[in-house]
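These notes concern the structure reproduced below.
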Ligand code: AMP
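In this note's numbering, the protein residues as written are 1288 to 1730.
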């Protein structure tokens, strides 16, 4: 015999289940993107495509997952991006260890070599707009999934490409009207200069490390360059007196940096030489730079030369230079700079209002008509009443509503309503496209 549940208990259960909390949320530091988010993203994408197309960069996208070794060897085990922030992915197969890409350069270089482009595309110039993953402590401008736009020039030992990468990065800021961008630049030298410089640094820091942070004590052994950009309070006092990388540049390294600066002077790109700028990734050689904007503390982007990366990955000798900018940080700046737009000020677009089953059916045909004419139109098929649909049209900021009821279906007409004035006129369906076009053209 079925057990009877008392009415009161049934009611209580229903209440509990409707109050039940949804169990899932996006992973920490990772965000869903909705309509509004794409307004800025689309702008940034357009600016990137414009700059890339002018300077001859082709778009590239690589898999989000790569062999983890490409980052361990390339980006480097002593970089925080690899040692502390990499997400590993476990597969069921025998592919070995995979990682969610924490940066793009090694993957782009891998793709270029794998496709055999080093024979046919010299230099290889690429741009990307891609998501990346780093296990960082989420905070303003720092997420675990974030997007970068970036440029790479592969097989490009000439200093003019360092300048072109910096110019393209700077141009993104100009295209987006970001106020007063400035480049901070340094040269950490190639192999020859670097060994001498590291020796000088070690001599300088010897005996001081006990007064420095734990990370710097480790860096002293693994990567003394990074002691220069340590943010810990305890380590700041030692920075001023530290030997500067550009004083240790010898031969071609010295000449290369001089040329880069001359090229930047030629196009009047504002820059500051920053002796503490070394960047976090192991593969950088010679030029390193970051780009900043007024009233925003963190770097918008950065980049540099990676002349030995290909060899480190077991590829041929192939110099390269690239840059990347954080899209979320650019959006922060654009939001700050732009005043919120008032949708009520400028109405645009059209909205379809339908009442009754026949009108709903006919509205599909109207949508097709407008699709053919490439006139975008919005609708709200979840609503049935005219009042609710006109309210939705108003909320969307639509300029016109097309209203379709039983009578209009029968007469093969449609009502065209000006959402600002409320004026309505009857239009024959066969003339709909031309009438709508005519009205949308009017200011
Ligand atoms: P990097 O690849 O570390 O040189 O970073 C280049 C740019 O990407 C930075 O200047 C930031 O604008 C952006 N970026 C790096 N890491 C993050 C992150 N965790 N969250 C958001 N943006 C980031």
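Ideal Cβ positions, reconstructed from N, Cα and C, are used throughout, including at glycine.
Check, Outcome
"What residues in its chain sit with their C-beta under 6 Å from that of residue 1439, if we drop five residues either side in the sequence?", "1395, 1413, 1609"
"Starting from residue 1640 and walking both ways along the beta strand (DSSP E), at which residues does that stretch end?", "1637-1641"
"What is the C-beta distance between residue 1365 and residue 1509, in whole angstroms, given that I count them as a contact (C-beta under 8 Å)?", "4 Å"
"Put residue 1582 into one of helix, strand or coil per three-state DSSP.", "coil"
"Classify residue 1580 as buried or exposed, calling it buried when 16 or more other Cβ atoms lie within 10 Å of its own Cβ.", "buried"
"Tell whether a beta-carbon distance below 9 Å holds between residue 1704 and residue 1711.", "yes"
"From residue 1422 to residue 1432, what distance separates their C-alpha atoms?", "8 Å"
"Any idea which residues DSSP pairs residue 1688 with across the strands?", "1638, 1704"
"Quick check: does the Cβ of residue 1612 come within less than 8 Å of any heavy atom belonging to the ligand AMP?", "yes"
"Note down the Cα distance separating residue 1700 from residue 1328, rounded to an integer number of angstroms.", "40 Å"
"In chain order, what residues of the same chain have a beta carbon less than 6 Å from the beta carbon of residue 1533, not counting five sequence neighbours either side?", "1474"
"Is residue 1598 close to chain D? Criterion is C-beta to C-beta, closer than 9 Å.", "Among the protein chains of the structure shown there is no chain D, as only one such chain exists."
"Can you tell which of 1618, 1706, 1575, 1620 has the C-alpha that lies nearest to the C-alpha of residue 1638?", "1706"
"Whole angstroms is fine: what's the gap from residue 1714's alpha carbon to residue 1698's?", "10 Å"
"Which residues in the same chain have their Cβ closer than 7 Å to the Cβ of residue 1663, if we skip the five residues on either side of it in sequence?", "1636"
"Can you tell me whether residue 1615 is helix, strand or coil according to DSSP?", "helix"
"Compute the minimum distance between the beta carbon of residue 1421 and the heavy atoms of the ligand AMP, and state whether it is under 8 Å.", "yes"
"Identify every run of the beta strand (DSSP E) within the stretch 1438-1512, keeping only runs that are complete inside it and at least 3 residues long; order them along the chain.", "1469-1474"
"On the three-state DSSP scale, how would you describe residue 1415?", "strand"
"Less than 9 Å between the beta carbons of residue 1334 and residue 1463, yes or no?", "yes"
"Looking at the structure shown, is residue 1325 part of a helix, part of a strand, or coil, going by DSSP?", "helix"
"Less than 8 Å between the CB of residue 1615 and some heavy atom of the ligand AMP, yes or no?", "yes"
"Give the DSSP bridge partners of residue 1426, in chain order.", "1429"
"Taking C-alpha atoms, which residue in 1446, 1376, 1719, 1543 lies nearest to residue 1687?", "1719"
"Three-state secondary structure (DSSP) at residue 1650?", "helix"
"Given this structure, state the Cα-to-Cα distance separating residue 1493 from residue 1451, to the nearest angstrom.", "39 Å"
"According to DSSP, what are the bridge partners of residue 1665?", "1638"
"What's the gap between the Cα of residue 1624 and the Cα of residue 1560?", "27 Å"
"Please determine, among 1648, 1403, 1633, 1721, the residue with the shortest C-alpha to C-alpha distance to residue 1661.", "1721"
"Is the Cβ-Cβ distance between residue 1621 and residue 1357 less than 9 Å?", "no"
"Could you give the first and the last residue of the continuous beta strand (DSSP E) run that contains residue 1558?", "1558-1560"
"For the stretch 1368-1376 against the stretch 1401-1411, do three or more pairs of beta-carbon atoms, one drawn from each stretch, fall closer than 8 Å, so that the two count as touching?", "no"
"Starting from residue 1375, trace the beta strand (DSSP E) both ways and give me its first and last residue.", "1374-1376"
"For residue 1447, count neighbouring Cβ atoms within 10 angstroms of its own Cβ and tell me buried if that reaches 16, exposed if not.", "exposed"
"Taking C-beta to C-beta, are residue 1484 and residue 1535 nearer than 9 Å?", "yes"
"So what's residue 1534 in DSSP terms, helix, strand or just coil?", "helix"
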